[in-house]
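I have placed the structure first, in the form of structure tokens, so that the comments after it can refer back to it.
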Amino acid sequence: MGLLECKVFAGFFLPQKPYIIVCVKKTYAFIDSQNLNLGVKSQGWNLDWRKFRQYLRNKYKVMEAYLFIGFRPGNQELYTSLQKMGFLLIFKPTMELPDKTVKGNVDAELVLHTMIQYQNFDKAIIVSGDGDFFCLVEYLVQKNKLLHLFTPNKHYSKLFKPFSGFVIRADQLKGSLELKQKKTGIGGRSKP
Numbered sequence: 000m001g002l003l004e005c006k007v008f009a010g011f012f013l014p015q016k017p018y019i020i021v022c023v024k025k026t027y028a029f030i031d032s033q034n035l036n037l038g039v040k041s042q043g044w045n046l047d048w049r050k051f052r053q054y055l056r057n058k059y060k061v062m063e064a065y066l067f068i069g070f071r072p073g074n075q076e077l078y079t080s081l082q083k084m085g086f087l088l089i090f091k092p093t094m095e096l097p098d099k100t101v102k103g104n105v106d107a108e109l110v111l112h113t114m115i116q117y118q119n120f121d122k123a124i125i126v127s128g129d130g131d132f133f134c135l136v137e138y139l140v141q142k143n144k145l146l147h148l149f150t151p152n153k154h155y156s157k158l159f160k161p162f163s164g165f166v167i168r169a170d171q172l173k174g175s176l177e178l179k180q181k182k183t184g185i186g187g188r189s190k191p
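So this is what it looks like as structure tokens:
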């Protein structure tokens with residue numbers, strides 16, 4: 000998946016045989032980080048973001064992986080780490096609710112940036128189980144631009160039922176995407 004064959008034929012002064020040039024299809028991923036993170040945590044495991052980026056790159060040839068995330072001043076180390084893994088971070092200011100929970104809804108940003116990039120990709124992977132993305136998913140399907148809808152688990156929005164053929168679930172990939180805790184020896188040090 001992800002490659003398209005293009006034929007170029009030799010000109011007058013070149014040998015008269017066809018040359019094959021491989022053209023790469025451009026696949027982009029648009030990731031609702033909070034939906035993915037909380038969705039896998041609700042299943043009792045943590046996502047290894049490095050493995051997830053490698054999975055997108057290796058399995059689907061994702062060239063650009065946009066990660067939509069709420070911005071909190073104390074998380075600069077996390078943001079730098081995610082960028083080094085190959086994610087392009089799009090920040091949304093967060094706000095603290097009266098119950099002290101932090102809200103950083105990225106839905107509008109994800110839709111907007113998908114449409115800003117629309118002419119730059121051949122296929123898109125939308126990473127979220129949130130039904131607020133129904134119209135985006137529907138539009139991408141109509142335009143033959145949706146490769147997959149990647150959901151955290153089986154509890155994704157029922158609005159996506161018509162698109163079940165596009166769904167990939169993170170919980171079914173737990174074995175390859177789970178963050179493995181390093182085993183420690185005496186005194187909390189890593190075993191050799």
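Under numbering that gives the first Met the number 0, the first residue of the sequence shown carries the number 0, and numbering increases by one thereafter.
All C-beta atoms in this analysis are idealised placements derived from N, C-alpha and C, irrespective of residue type, glycine included.
Keep in mind that this is a model prediction, so the values were computed, not measured.
Which of helix, strand or coil does DSSP assign to residue i?
i, result
"Gly128", "coil"
"Phe133", "helix"
"Tyr65", "strand"
"Phe29", "strand"
"Pro92", "strand"
"Ser189", "Because the pLDDT at Ser189 is just 38, under 50, the model does not fix this residue reliably, and the point stays unresolved."
"Lys40", "helix"
"Gly1", "Low confidence applies here, because Gly1 scores a pLDDT of 46, under 50, leaving its location unreliable; read the following figure in that light. Three-state result, Gly1: coil."
"Lys153", "coil"
What is the residue span of the beta strand (DSSP E) that residue i lies within?
i, result
"Gly164", "Premise fails: Gly164 is in no beta strand (DSSP E) and is neither H nor E."
"Phe51", "That residue, Phe51, is in no beta strand (DSSP E); its alpha helix (DSSP H) goes Trp48 to Tyr59."
If we call anything under 8 Å between Cβ atoms a contact, is residue i one with residue j?
i, j, result
"Ser175", "Lys50", "yes"
"Phe159", "Ile124", "no"
"Lys25", "Phe86", "no"
"Phe70", "Thr93", "yes"
"Val101", "Glu95", "yes"
I need the boundaries of the alpha helix (DSSP H) containing residue i, first residue and last residue.
i, result
"Lys173", "Lys173 to Leu176"
"His112", "Asp106 to Ile115"
"Phe149", "Not the alpha helix (DSSP H): Phe149 falls in the beta strand (DSSP E), residues Leu145 to Thr150."
Whose C-alpha, out of the options, is nearest the C-alpha of residue i?
i, options, result
"Asn162", "Val140, Lys144, Leu178 and Tyr78", "The amino acid at residue 162 is misidentified as Asn; the sequence shows Phe. Taking only the C-alpha atoms, the option nearest Phe162 is Val140."
"Phe90", "Asp98, Thr100, Gly38 and Asp106", "Asp106"
"Leu81", "Thr100, Lys102 and Tyr65", "Tyr65"
"Leu145", "Ile167, Gly38, Leu35 and Leu178", "Ile167"
"Val219", "Asp129, Pro151, Lys122 and Lys181", "Outside the displayed range of the chain (0 to 191) lies residue 219, so it cannot be described from this structure."
Item to complete: Determine, using beta-carbon pairs with one atom in the region 55 to 64 and one in the region 170 to 179, whether at least three such pairs fall under 8 Å.
Response: no
Discussion item. Count Cβ pairs between the region 25 to 41 and the region 113 to 127 that sit closer than 8 Å; are there 3 or more?
Written reply: yes
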